[in-house]
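Novice:
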Amino acid sequence: MPRPYRKPLRLFQRGSSGGQGKKFPYPPLDHYTFVPDLKINLEQLKEIFHNSSDVVKRDFLIGGQAKAAIIYIDGLADKKLIEDTLLRTLQHIPPELGRALVEKTAPLDRILEIIVPLADVSPVESISDIVNHVLCGDAVLLFDGYTKALATSTRSWEHRSIDEPLTESAVRGSREGFVENLRTNTALIRRRLKTPALRVENLCLGRYSQTNVALVYLHTLADPALLQEIRRRLERINIDGILESAYIEELIEDNPTSPFPQIDHTERPDKVVAALLEGRVALLIDNTPYALIIPTIFIQFMQASEDYYERYWLASFLRLIRFVVLNIALLLPSIYVAVSTYHQEMLPTRLLIRLAAQREGVPFPALVEALLLELVFEVLREAGVRLPRMVGQAVSIVGALVIGEAAVSAGLFSPAMVIVVALTGISSFALPIFAMAITIRLLRFIMLILAGILGFYGIMIGLLAILIHLTTLRSFGVDYLSPVTPYHVRDFKDVFVRTPLWARLTRPTRIGYRDPWRQGTPLRPTPPKSSNQEPKEGVD
Amino acid sequence: MQGIREEGFIHARQAAILMWFNVLPTAIIFLPSFLARRAQQDAWIAVIMAILLTLPLGFILTWLGTRFPHLTLFQYSEIILGKALGKIISLFYLLALIQLNALVLREFSEFLVSAVMPETPLLVFTVTLVAVAVYGARNGIEVISRSAEFVMPLMVLFILTILFLVTPEMSLRNLFPLLERGVRPVLAGAVVVLGFTGEISLLAGISGFINPPQGIRMSVILGLAGVFFFLVLVVLGGILVFGSAETARLTFVVFSLARMVSIANFLERIEVLFMAIWVAGVFIKVMLNLYITSLGLATVMRLTDFRPLCAPLAALMVALSVLLFKNISHLLFYLEEIIPIWAFLWAFGIPVFLAVVAAFRKTKGGRNDVP
Amino acid sequence: MMFLKRCKVGLVFLLLGMLFLSGCWSRREIEELALVMAAAADAEGDNNVRLSVFIVNPREIGGGQPSGAGGGGNTNKVPGEIVSTTGSDFTEAARRIEEQIPRRLFWAHNRVIIVGDGLARRGLTWLDWFSRDRQMRLNTPVILAPGEAREVLDLPPGVELVPGEIISGILNNHVTLKIELKELLSMWQAKGDNPVIPRVTLVSPQEHSGSKTQGAGGREQQSQGEGGSEGRTRQKAGPAAIRFEGAGVFREGKLIGYLDHLETLGTMWLRGEVKEGVLTFHCPEHPLEKVSVRFHRAQTKVTPQVEGEKVTFWVKIISEGDLLEQTCQESLATPEKIEELEKTLYHELNKRVQAALNKAQRELKTDIFGFGEVLHRDNPKFWKQVEDNWNEIFAGAEVKLETQIYIRRIGMSYNPAGGQGRNTSGKMVSPGGR
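Encoded structure:
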């Protein structure tokens, strides 16, 4: 008896928590009102924060006259700044100003303009906003008799310093990588793009996490429709918390069921800047060093930033090798199984005899052997990731060697299969972007099974199914397989080879259409022409 | 298109590529031996002659396509002939298409079973190919044409590579004497070619999506040029390497040609690779035919979406492919003797008929005239 | 309906699983294959055939892991085994072979097809299986055995381990006629051509040990009398080596005669099958001393000429060669001497060509040079009249030879070894001079 089909519970029926930087704390605090009475306000805040041990409240007198309080979170706010600059200044202002505050002789803003020594301040007018600011690390000043408070930016906390990105190290190129602090990250980008066209839009996502998300783009290059679409998708995110950029990636991608990544992520600011210069859009998310680049197409996963810093002959060669490597990583075990099981006529005779000699006595058929070895390899790789760095590498290498040798000596596997699997594993590491490498790893198993069932024909069917799938993929309106299909000739300069910098005149067609010409011509360096000069004096 | 959920557009060049795929894969497998049987060493001249005979069809397709921009054959047949008769003609065309696709599926699996994996039953190949083809056809014309664009360079490269690598085995004297028996056997051969090249009339099924509509002329020209270039090349290659007698004897000439490749004792026995690439070519053809059939049926029946029709039609084609022919001799006989006449009727006949009536009645139409 | 919708994914996997469960039909693991490296076809009895195959034992050759039993204790490593059965045709014989061996026959790596004398006399039509089967390749060479083809498979391993490789290796030395199956078929099919298949002779152990120092194997100008034993006079222990000598001539698909060594060479020249080779002949001044010239390229152009009912073929042989060896004591490196040599070469070539023509026209009355096809291409109208009895007309045709052989290079030294080079007048010339 089939189970009755139940609709999933629809929690969170309220509107989303995103949009335009406005923050709605969760659970909602609308029932608290901001009154001019300082004491009542402080009571409300105490109730809201439930005596959290890291929330600090301090009553003080401004200029010895006006009652005020400051509230901040220890660990998020810079205590030294608060004590030295803010409190000291406010406590020692001339008493006339303090009296002005008490007697309300001038508007609050005017007085605050004079007395507050900090740079980044913003007025707050509700309890929710006060709570928001405090939670972000600001110190909020509350004044008795006013329904306006002042949030001062005193954010400072311990964070990782800018270091070489772990997953994307480069031989040549900047060693700076993003950190978990959003402001630092945007600064890294600002340093590289000193133009007012660089816009940083702020959003807040995640109900409980209220994560800051910055939408970064170059105003003159990015497609407004693209931006609109990104904003629309971000605003419909209705989730508990954003812990990593992957959450956002999964929630805004075009084809969630596809194994292929449609949004690229990176730790390197120079990669983000290059993408921005092409007309793409970047998403920087607080608390994670991984920025997202939208839109992303397939060939970007074959490009590494240091391609552009090395000489183009070498870079082109490496890129071609990457395509070969992609094919090897996907197809080598399948081809081996298909050829040795179905199409032995393809092998040269000597090779066939050698393989036959090796396979004598191996108890498994080729397909099972391949699957088992692949699984063992995957297990070894996972184990290598979990172990602490020093031990991990040794274990992986030793494990692979020892297990491989022992298995071959025991007659469980043939040496050729071990070679094939090892080559495949190494190839999948040679792909520059990890996301694509994972996808290829997955697909490899499917191709292996297809090859085991139907030989080369099975491989072809698998490849065709993948091709159809890739053709249907779009990343924010850009076809995943451009520029191969649809065919944009101009963009081919960066697909299979890396054309020299002086030859790359145009931006990618679909993405940078607003300003197609990247650089002036001619840019190719030439030696200066020899001119008829007088020979120098004293030189024979 | 009105009502049907297909908003895709393709360029003229993509339409040409689709036509190339529609004719070439099956033609290069079977044609050389038919032609060698009829025209001996002048088989390649037969192909050239067939160009001249197919040109009128191309012209008519262009004319129809420009006269009824943004419309497919199934739509403008109703405009030209009125609702009832137009639907009947469209249905006839569709039935012929279903049978054509069944024929292609049978050709495909017979080749694979004969040449590569003899123990595997026919249905396995057919069903697996059709499953992926349904997946592709459901996604619309843009996906189909993009996949074709992707596969085409591979196929072109491979055919050219095989022909290039097999040049040591070629000997020019196999071509002589020219026109030994006169022109009549060459004409007989040309008629057989028409059975295959008539399939470019399927351009009428997708002419509604070509953007801009005038591009249909370019796609016809490019498509025909591409088809004939490769067909002549392949037939010529077969005769040069094997001689006319052997070419007539072999069932799958291009496959045997790929077998002949032997470079430095190392690069040999690559015929399985050829088979794999060829599978991709036939796949595009099957997917395209399936798509046109589903779309046509949905147009005729005034359905809003053609997608649900893909799978049942595919199943029908698979079943038909098994039922139609008892064995490969039956299939070969059909291809050689019967298809030319049959193709003349529906692939040539229907567009010509429509064109004549349209010219007579002076009807024109555009996107908004679909009843 | 809802249930089906929900189980869409499950259904897909079920279907995939069914594909797996019903078995992979064409799957053959490598260790299930019996790799055939040489095939021998014989006639047996009145209407039967005998198929013998040489199956490789990968363990011995491959040198893989010593997994388990292997070949331990086996002092004489045999690279494979020979299995031979009879049947009414080859398919049946092949099935009977599979009744005897634990693996499936795999023909894709077959190196050579050896046709026995008896089967050749019976007719080439019996070879249909070799061209129709999927696994056979059309570029497999075909050779003719002196008696029973099966005996050829008994070749012991030498530099190459497997008889198939031995034979195909020798053929790849380009010293003898090499006919592949596809060429055989086209020669047979054409009305103006008749098949010629190279023939091997088996060298018995005694003769082999005698000739071992000189090296067995077909260099073109081997002196005669080196034990060219034909047919059945072989030792019980099996042949020790193989040598290519001569060819078999077929007419209407049946073997009708043989060509000897010289005649085969002439046939190769006339057919244009010569790729490289050596001509040895006597010095111009000293008939007892020899000169050898090696040529690397050779081309034969045949032009027919028809006058009424008479046909003349003009054969032009174009080649370039290097001086390889001379035993006479005069320096042959001067331009005049080279010209003399080139003239002598003409005579030498003519000897061969005439030998072949004599045999083909007088004795066998068969066109084995493809002249008919040349005439066909050149003059189809005339060909139509004569094609039905071409062989007789060919016997009466005239063949005129013209050569254009150039000696281009003289090797690494000017004068012959031995210091003094004497020119014709007897004057001593200092060593190193010209």
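These protein sequence lines are chains A, B and C, in that order.
Just add 1375 to the spot in the first sequence (first one is 1) and you have this note's numbering.
Just add 3 to the spot in the second sequence (first one is 1) and you have this note's numbering.
Mapping to this note's numbering: the third sequence position 258 is 240, numbers consecutive.
Beta carbons are placed, not taken as given, at the ideal position from N, Cα and C, and that holds for glycine.
Evaluate H1844 (chain A) with the Cβ neighbour count: other Cβ atoms within 10 Å of its Cβ, from every protein chain shown; 16 or more gives buried, anything less gives exposed.
Specialist: Looking at its Cβ environment, which holds 16 or more other Cβ atoms inside 10 Å, H1844 (chain A) is buried.
Novice: Applying a beta-carbon distance threshold of less than 8 Å, which residues of chain A neighbour R85 (chain C)?
Specialist: The contacting residues do not exist; R85 (chain C) stays about 10 Å from chain A at best.
Novice: On the criterion of 16 or more Cβ atoms from any shown chain inside 10 Å, does N25 (chain B) qualify as buried, or is it exposed?
Specialist: Per the 10 Å Cβ criterion, buried.
Novice: Could you check whether the Cβ of E212 (chain C) sits closer than 8 Å to any Cβ belonging to chain B?
Specialist: Unreliable positioning characterises E212 (chain C) in this predicted model, as indicated by a pLDDT of 35, which lies under 50. A coordinate reading is not provided.
Novice: Quick one: does Y138 (chain B) have its CB under 8 Å from some CB of chain A?
Specialist: Output row for Y138 (chain B): interface = yes.
Novice: Counting only beta-carbon atoms, is T1860 (chain A) nearer than 8 Å to chain B?
Specialist: Interface residue, yes.
Novice: Who are the near neighbours of E1576 (chain A) in its chain, counting only those whose CB is closer than 6 Å to its CB and skipping five residues on each side?
Specialist: Once the five neighbours on either side are set aside, the close Cβ partners of E1576 (chain A) are L1590.
Novice: Name the chain A residues that come within less than 9 Å of L137 (chain C), Cβ to Cβ?
Specialist: Near L137 (chain C) there are no residues of chain A at all, since even the closest Cβ is about 17 Å away, more than 9 Å.
Novice: DSSP three-state label for W1892 (chain A), please.
Specialist: Strand, per DSSP.
Novice: Does the beta carbon of T129 (chain B) sit closer than 8 Å to a beta carbon anywhere in chain C?
Specialist: Closer than 8 Å: no.
Novice: Can you tell me which of C:H243, C:A280, C:N361 and C:V275 puts its alpha carbon nearest to the alpha carbon of V293 (chain C)?
Specialist: Cα-wise, what sits closest to V293 (chain C) is C:N361.
Novice: Residues of the stretch 156 to 174 of chain C with a CB closer than 8 Å to any CB of chain B: list them in chain order, please.
Specialist: Going along the stretch 156 to 174 of chain C in chain order, one finds K164, L167, S168, Q171 and A172 with a Cβ nearer than 8 Å to chain B.
Novice: Beta carbons nearer than 7 Å to chain A: which residues of the stretch 141 to 162 of chain B have them?
Specialist: Within the stretch 141 to 162 of chain B, the qualifying residues are N142, V146, R149, S150, E152 and F153.
Novice: Short of 7 Å in beta carbon distance, which residues of its chain neighbour E330 (chain C), apart from the five on each side in sequence? Order them along the chain.
Specialist: Around E330 (chain C): L261 and F263.
Novice: Does I1710 (chain A) have its Cβ less than 8 Å from a Cβ in chain B?
Specialist: Chain B contact via Cβ: absent.
Novice: Checking 8 Å against the spacing of the C-beta atoms, do L1727 (chain A) and L17 (chain C) come in under that value?
Specialist: Taking 8 Å as the Cβ cut-off, L1727 (chain A) and L17 (chain C) qualify as a contacting pair.
Novice: Ordered along the chain, which non-local residues of its own chain (more than five positions away) have a Cβ less than 7 Å from that of V355 (chain B)?
Specialist: Correct list, in chain order: I63.
Novice: Determine, using beta carbons only, whether Q88 (chain C) comes closer than 8 Å to chain A.
Specialist: For the sequence presented, residue 88 (chain C) should be read as Phe rather than Gln. Cβ-Cβ to chain A under 8 Å: yes for F88 (chain C).
Novice: Quick one: using the 10 Å Cβ neighbour count with 16 as the cut-off for buried, is T29 (chain B) buried or exposed?
Specialist: T29 (chain B) should be labelled buried.
Novice: Checking the sheet assignment: what are the DSSP bridge partners for E307 (chain C)?
Specialist: C:S274, per the DSSP bridge assignment.
Novice: In the DSSP output, which residue or residues are listed as bridge partners for C1579 (chain A)?
Specialist: According to DSSP, C1579 (chain A) bridges with A:N1587.
Novice: In this structure, how does DSSP classify T68 (chain C) when only helix, strand and coil are distinguished?
Specialist: Strand.
Novice: Does any CB atom of chain A fall closer than 8 Å to the CB of V282 (chain B)?
Specialist: Output row for V282 (chain B): interface = yes.
Novice: Considering just the uninterrupted stretch of the beta strand (DSSP E) at P180 (chain C), what are its terminal residues?
Specialist: V178 to V185 is the extent of the beta strand (DSSP E) around P180 (chain C).
Novice: Just reading off the beta strand (DSSP E) that H1640 (chain A) is part of, what are its end residues?
Specialist: Counting along the chain, the beta strand (DSSP E) containing H1640 (chain A) begins and ends at D1639 to T1641.
Novice: So, at 8 Å on beta carbons, what are the nonlocal neighbours of K236 (chain C) in its own chain, with the 5 sequence-adjacent residues on each side left out?
Specialist: A102, R103, R104, G105 and L106.
Novice: Determine, for P1740 (chain A), whether the minimum Cβ-Cβ distance to residues of chain C falls below 8 Å.
Specialist: Output row for P1740 (chain A): interface = yes.
Novice: According to a CB-to-CB cut-off of less than 7 Å, which residues of the stretch 176 to 191 of chain B neighbour chain C?
Specialist: Those would be R176, F179, P180 and E183, in chain order.
Novice: Of the residues that make up the stretch 344 to 361 of chain C, which ones have a beta carbon closer than 9 Å to any beta carbon in chain B?
Specialist: Those residues of the stretch 344 to 361 of chain C that come within reach of chain B (Cβ to Cβ, closer than 9 Å) are E355, V356, H358, R359, D360 and N361.
Novice: Would A350 (chain B) count as contacting chain A if we go by Cβ distances under 8 Å?
Specialist: Chain A contact via Cβ: absent.
Novice: Please indicate yes or no: does the CB of E1685 (chain A) lie closer than 7 Å to some heavy atom of the ligand GTP?
Specialist: By its list of ligands, the structure shown contains no ligand whatsoever, and the ligand GTP lies outside what it can speak to.
Novice: Please state if the CB of S297 (chain B) and the CB of F2 (chain B) are separated by a distance shorter than 8 Å.
Specialist: Residue 2 (chain B) lies beyond the range of chain B shown here (4 to 374); nothing can be said about it.
Novice: With the cut-off set at 8 Å, would you say S168 (chain C) and A248 (chain B) are in Cβ contact?
Specialist: Yes, these two residues count as a Cβ contact at 8 Å.
Novice: A301 (chain B) to V137 (chain B), Cα distance in whole Å?
Specialist: About 15 Å.
Novice: Does the beta carbon of Q47 (chain C) come closer than 8 Å to any beta carbon on chain A?
Specialist: Any reading at Q47 (chain C) must be qualified, since the residue scores a pLDDT of 42, below 50, and its modelled position is unreliable; the value itself is stated next. Yes, because at least one Cβ of chain A sits closer than 8 Å to the Cβ of Q47 (chain C).
Novice: Got a sec: is the Cβ-Cβ distance from F255 (chain B) to anything in chain A below 8 Å?
Specialist: Cβ-Cβ to chain A under 8 Å: no for F255 (chain B).
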